[in-house]
Amino acid sequence: MKKKVLAALLSVAMVATLLSGCGSKAEEPAAPAETEAPAETEAPAENEEPAEAPAADAGDMSFEVVSKGLQHAYWQAVKKGVENKAAELGVTVNFVGPDSESNIDQQVQQLQSALNASPTAVGLAALDTNSVMDLLQQAKDSGIPVVGFDSGVPNAPEGSVLANCSTDNYAAGALAAEKVYEAVKDRISGNVRIGVVAQDATSESVVNRGLGFIDKFAELAVADGHTATVVGNDRYISDSKCEKTEGANVVIDVRVPAQVTSELSAADATALMNEADTIAIYGSNEHSANGIITANGNLNKCGTGEGQIVAAGFDSGAAQLQAVRDGVLLGAITQAPVAMGEILIETLYAAATGGTVSDTDTGCQWYTAENIDDPEISQNLYE
Amino acid sequence: MTDKKQGNAFTNNPIVRAVGVQKIVVVIVLIALVLFFCVKSTSFRQYTTILSIMDYTYYLAFLGMGVTFCLITGGVDLSIGTGMFCYALIGGYLINQKHAPVIVGILVTILCGLIMGTINGLIVSKGGHAPFLATLCTMMIARGLGSIITGGASITWPVAGSPNGWTRTLFKIDMGGTKLPLGFLWVLILAVVMSIFLNKTRPGRYIIAIGSNKEATRLSGINVPVYQTLAYVISGFFTGLAALAYSSAFQSMTPGGGGGIELNAIGGAIIGGTSMNGGSGTIAGTILGVFIMSVLQAGLPLINIQANWQQIIIGVVLIVAVYIDVLKNKKLA
Amino acid sequence: MGDVILTMKGIDKSFPGVHALDHVDLEIKKGEVHALMGENGAGKSTLMKVLTGIYSKDEGTITYEGKEVEFSNPREAQDAGIVIVHQELNMLGHLTVAQNIFIGREIMNGKLIDDKRMNEEARKLFDQLGIDIDPKETMSRLTVGKQQMCEIAKAISHEAKVIVFDEPSAALTEAEIEELFKIIRDLRDKQLGIVYISHRMDEIKVITDRVTVMRDGGYVGTLITKDCTKDDIINMMVGRVIYEDPKTESAVAKDAPVVLKVEHLNAGRMVRDVSFELRKGEILGFSGLMGAGRTETARALFGADPKESGDVYVNGQKVEIKTPQDAVKCGIGYLSEDRKRYGIVVAKTVAENSTMASLENYMKGLFIDKKKECQVAQEYVETLKTKTPGVDQLVVNLSGGNQQKVVIAKWLVRNCDILIFDEPTRGIDVGAKSEIYQLMNELVAEGKSIIMISSEMTEILRMSDRIVVMCEGRKTGELDIAEATQERIMHAATLRD
Amino acid sequence: MEKIKQNAIVKKIGFNSLVLLCVMILLYIMFAVLTPMIKTNASFVSYARLVSALKYAYFLGFLSLGVTFVIATGGIDFSIGPVMFCAALISGYQLTSRGWPLAVCILICILVGTAFGLFNGVLVSYAGLPSFITSMASMMLAKGLGSVFTKTQPVSWPQSEEPGGWYRNLVGIKAGGMEIPTGLILLIIGAIICAIILNKTMAGRYILCIGSNREAVRLSGVNTKKWETLAYVICGTLAGMAALFYVGKNTTVLPGLGDTMNNEAIAGCVMGGTSMTGGVASIGGTLIGVLIIALLQEGIMAMGFQIHYQYIITGLIVLVVVWADLRSRRRRN
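In the order they appear, the protein sequences are chains A, B, C and D.
Per my numbering, the first sequence runs over residues 1 to 383.
Per my numbering, the second sequence runs over residues 1 to 333.
Per my numbering, the third sequence runs over residues 1 to 497.
Per my numbering, the fourth sequence runs over residues 1 to 333.
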């Protein structure tokens, strides 16, 4: 029995040491100016110069930023933008995100916890607006300003979200569709298949990037006198606005793997590229684009030449940049994550200091092997 | 009692007995499966299909080989799926973020596997924990560790063509436009080595003995905890290798991912005739079983089976395989 | 017969509650086969376990090849040349014969195991022994007899100087025993010391040179085999003072109704065509040596193990007993020989164990009526005189005798009319024993019927009204208590095909 | 020490539970002290934080209570998390897409859980499959079925003001700015009912006894298979109920998820003194164990850490607790 008591106490001690242990090496910019020797890893630049004279009360300001995750290079870039700006303004920011873009419950818990910390303001990229409805109301009631980012917080209760520094995922998907359509429109004769690899059918931003592509592509095809339909994943079929025609000659085939692991998205990309009538394929985020690149590693079918499959990606990351340079991918869409992070903090700061805030669209760009090194583009690319 | 143990003419055939009935059945199922996919899908009939099957085979085969040793001792290692991701993340993090030489990244990846395997082994053999519980805990630990070290970011090992991208050619080499699944060679070599290890060396022999009758093994003067631990160390080592195979075949590893992959590997081993009760199992069987899993994984999307159905199919395959194992053991008893 | 190779002197060993060995002596010479005899529980196996280091001794000395030794594990004993061929086979079923023989000391070829040479060596061993076993065969596919031969081959391959055979013939066929004897004689001619533990009187006469008899953990004496008769040995084995007078005649009326009738029961190798009847108010003793198939018969009858064929009639009605549930419904209760594994749930209380088989009678709607449960448990604690601080005491804290009473209470609470007592007093001290006996007598007086399986001759003779004797799965005798003697029972118990 | 243990009140509550309660309070104090030290401007002590920790404990609590029954029989159920998700998806889909009445959907939700429990129970007790691998396979089935049923779409249960939003009152009722934690009341009621089932009914008695000594129970003429199956059915049913509290808190459920919940639910149960070897279970302990886990999560978040730390800590705690259990058991024998 004594052993049990001991064990119980041991667990507490363990938790304590673990937490204090991680406390010291945590990379959260708890108070960048004061921390004597933070483990400088990610962004050495930000700590080198002391922040320029911060506003009088900036040091007391703390922002909670709840993102959709941290896995993708995209989110890492947003985080970088947030941290840069925070250091510049001298405010405290706590940047958190769930384990994956499917873990709604974790995000709810994180947002709840963020509100409980009574921060000056909260930045939120909601995985699912429905699930945070009550919490937004709570934020409103307790007077904590909320600013949406990334896909923002659509349909939020009136007055709870002050502004959105968002990027229009649907429009970004549509841009990809335009570019891909441009490249393949002359090859659309008889039955053709357009493949779409999506990471999941659940996260709002991924779904919108997919739907934007599907709808735009179908629209363009129909405008040119073709007929179009969507097959594959049920969610994309039911949510796309495309007029589905029986026996259409342009088939948009959407595949979604069971889990967010690389080998499964590669399997779906392989299946799509193996279809004899596939002329184009689109991966709607870094993860899916990587799946296409992996599949092409075996199949060697991607390119712009005769009989090859035109491939397009989304976001960046080392593998994708390489693939764009090599011509495996025709191009990819990039949003402006670093800028988004910076603008988010600016907006939060403005909201906290009583300034006026307004919606911002941080936009998106199409990049190819030609313009990949343009400074305008490359500032938004990251490995 | 003796009569029951004598099979029919088929099972008593010396060749059949040397190879094992189950393996022959698995080969037949495998061939049937391949034929089925070939008939149902034109794209399955291409050379490139072999390449993508191989991509799944590499890491599953490594995981399967490792976990076979645990299964043979009568245990199991549930940490392999999550562990594989965790080690690959740590290795990749060193290469990408810390600019360590690739070789260091590789060694660290394998080392992580070895360390985790040793921890598993010690918890099971010295701590006396039930293997599934012990490895469930280390699975949780591996899951958290991978995320913490990379700060939650996913990691891509150097891509093919980049200066450090040579790791990728370890498994797939470009020979004048045709890609050759070089990794299969490593799988084969390791399978042969591990077969010899299992059947022809003392540690291998003792691992089988422990699974067959732990007490009798102890009474034969064999240091049971050492060899029991060794089984988990081997599993950890192969998980490290699987991490390399995975990261070179696919692009990115997400922190916290990899859960569920262990079921494919364990399922492969059981299909290949390794018993959940310990004492029996072969590397060749595991490789065959893993092939069934990887052919399913590559083939199901090609015949337009959506992902959610794939999970159900693999779940059912798993239950059937385990049930056959249970029936087999009942017959032996 | 040559020099003395092994001497055990004044060996004493106690387990909690049991004085297992009481200053036992044993002396083995080179080139002799030395029988070690005694009833079940006389301490033969314990003595051998002390010799090979599985148990440590409390007192006494072991002298081996002129030096005093103390082995701390079987491996050390093996290395020194003392090997035991176990009663329960220590085999690794998944490995081959040769792999089993050489486990722990494989023949190596560099870093690899040289299975080919191991097979050859094993083959040589078998040739030497004159047995035909394929060294490459998987162990679990061999018959029990062949497995035994492998154990012997393994022992010999250790370059043993002393080999202990612990009931080697129990599972063997006639032909296999012949083979075994041939081997043993060969070994004797090679000047090995052999200890042969067996119950079979005929074998002892055939194969051994000397006999040491043990009784109740004590040393009785050593005889030269050829100078004594079978009866001499039996007398030494059973010759203890019988504390209570044996029952002289059956207490059951001749016309008492038959409550249980078993016809042609078959269940595996250990239960072959067993038929018997049990009358109301009768204690039917089941006697026999270890491995006679008594427990197996009881378990098959009770539905605990599947049976192949046979009819069971309870109170004249034919019943189908496939599971213990069926048996309990028919009013049969079974008290296992292994209480801890099959009888009680040690982590539960006396009350909970008492109502285990009849919980449905102690419900108040959906809930267990704990008050009623405790009441009935208390009632039986009092009638059975169970020593426990209270009915909420965990059974694990009770002594063996009191645990047994809890199991009895379980079946009495269920109100079973037919009770099977399997070794009811095993591991129970003397005082508690007589209480259990008294209890059994009270039970039959109340009109219950009891089947009592016992390996203790005194117990059988003291309690039974009628005795069924079994040997190797068959019923080899049925004696009324009036005509039963220890000798007659022992004769029936060693009556082989 | 002995004196405390013999105290009548202590005995009634259970010494273990008391120790756990102390651990919980210690943990709370620790977080209260550490939070402001690690994160500036942060505090841990507030009603809001308490409520948010509790909300996490509701669904986890029901899962944990359920799995306590299975662990009491000496088995394990790794499918509870995905089953909870599957139940929420199927019933939520009926509620939102088909417009079925709420009451019917709540019933469906619970019945889906029951069905999975029955499936697991039959496979484990009647077919004799090992529980951990069976439940892992049915975990895959649950994930797959949930996705298939909803066509991989997320299901958002109604908001409180919408029709059919009444179920949210199960978690909490807003009354004048304060939130009444109805969930806590229901969880406690659930725990009391579970405690009654476990300790006062025939089912509970036999479930515990099976875990302690299955063979002895069988030889007492008890239908062990039936009761063992019932343990899984209870577990599944409670997982179905947990689903209601999950959606009550999180509104939206995604297909193909839920395996992380398993580990935490099992951890809560093991921490509460339920022995992995079966036979010993404490509902009160489970309840406190779950609260500790919820507290831990809230604390980690309050200090501004990523969620990953929780995995590692939970894994370590389970190892230590099980180790202590094994030690004390060994000592007793």
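Quick reminder that beta carbons are idealized off the backbone N, C-alpha and C, glycines included.
{"Item": "Within 7 Å, strictly: CB atoms of Y74(A) and P375(A)", "Value": "no"}
{"Item": "Span separating the alpha-carbon of N199(D) from that of E263(C)", "Value": "43 Å"}
{"Item": "Residue nearest to V159(B) in terms of C-alpha spacing, selected from K172(B), S147(B), S275(B), T73(B)", "Value": "K172(B)"}
{"Item": "C-beta atoms of S160(A) and V146(A) nearer than 7 Å", "Value": "yes"}
{"Item": "Counted within 10 angstroms of its Cβ, other Cβ atoms place T138(B) as buried (16 or more) or exposed", "Value": "buried"}
{"Item": "Same chain, Cβ closer than 6 Å to A231(D), neighbours up to 5 away in sequence not counted", "Value": "F69, V70, T73, I207"}
{"Item": "Interface flag, A156(A) vs chain D, CB-CB below 7 Å", "Value": "no"}
{"Item": "Contacting residues, own chain, Cβ-Cβ under 7 Å from V83(D) (five flanking each side not counted)", "Value": "G113, F116, A142, G236, A239"}
{"Item": "Chain B contacts made by the region 103-131 of chain C, where a contact means CB separation under 8 Å", "Value": "I103, G104, E106, M108, K111, L112, I113, D115"}
{"Item": "Residues sharing a beta bridge with A114(A), DSSP", "Value": "DSSP lists no partner for A114(A)."}
{"Item": "Chain-ordered residues of the region 285-312 of chain B with a beta carbon less than 9 Å from chain D", "Value": "Q306, A307, N308, W309, Q310, Q311, I312"}
{"Item": "Whole-angstrom C-beta distance between L289(C) and A493(C), which should lie under 8 Å", "Value": "5 Å"}
{"Item": "E48(A) (DSSP reduced to helix, strand or coil)", "Value": "With a pLDDT of only 38 at E48(A), under the threshold of 50, the placement of this residue in the model should not be trusted, and no figure is reported."}
{"Item": "Nonlocal neighbours in the same chain, by C-beta distance under 8 Å from A174(A), ignoring five residues either side", "Value": "G212, F213, D215, K216"}
{"Item": "Stretch pair the region 76-89 of chain B + the region 241-250 of chain B: three plus CB contacts closer than 8 Å", "Value": "yes"}
{"Item": "Cβ of N250(D) within 7 Å of any chain A Cβ", "Value": "yes"}
{"Item": "C-beta neighbour in chain D for N208(A), strict 7 Å", "Value": "no"}
{"Item": "Opposing strand residues paired with D174(B) [DSSP bridges]", "Value": "K179(B)"}
{"Item": "Residue-level contact to chain A via CB, V322(B), 7 Å cutoff", "Value": "no"}
{"Item": "Residues in the region 104-121 of chain A having any Cβ partner in chain B nearer than 7 Å", "Value": "none"}
{"Item": "Where the alpha helix (DSSP H) through K179(A) begins and ends", "Value": "169-184"}
{"Item": "CB contact below 7 Å: N441(C) versus chain B", "Value": "no"}
{"Item": "Proximal residues to G268(D) (C-beta, below 7 Å), its chain only, five neighbours per side dropped", "Value": "L60, S64, T286, G289, V290, I293"}
{"Item": "K34(C) - partner residues in DSSP beta bridges", "Value": "Note that residue 34(C) is His in the sequence shown here, rather than Lys. According to DSSP, H34(C) bridges with V195(C), R210(C)."}
{"Item": "Min CB distance F250(B) to chain A below 7 Å", "Value": "yes"}
{"Item": "Paired residues, beta bridge with K9(C) - DSSP", "Value": "T61(C)"}
{"Item": "C-beta atoms of G81(B) and V290(B) nearer than 7 Å", "Value": "no"}
{"Item": "9 Å Cβ cut-off: residues of chain B touching K200(D)", "Value": "Residues of chain B passing the Cβ test: none, with the nearest at roughly 29 Å."}
{"Item": "Whole-number beta carbon distance between G217(C) and H19(C), since they are thought to touch under 8 Å", "Value": "6 Å"}
{"Item": "Beta-carbon contacts of F238(B) that lie in its chain and below 7 Å, excluding the five residues immediately before and after", "Value": "F62, L63, M65, G66"}
{"Item": "Cβ-Cβ distance between N380(A) and T334(A) below 7 Å", "Value": "yes"}
{"Item": "Other residues of its chain near I372(A): CB distance less than 8 Å, five sequence neighbours each side excluded", "Value": "L321, V324, R325, S378, L381"}
{"Item": "Cβ-heavy atom distance, M440(C) to the ligand SAM, below 6 Å", "Value": "Of ligands this structure carries none, so the ligand SAM is not represented either."}
{"Item": "CB contact check: N120(D) to chain C, cutoff 7 Å", "Value": "no"}
{"Item": "Alpha-carbon to alpha-carbon, A324(D) and S464(C)", "Value": "49 Å"}
{"Item": "I28(C) to K49(C) span [Cα, whole Å]", "Value": "16 Å"}
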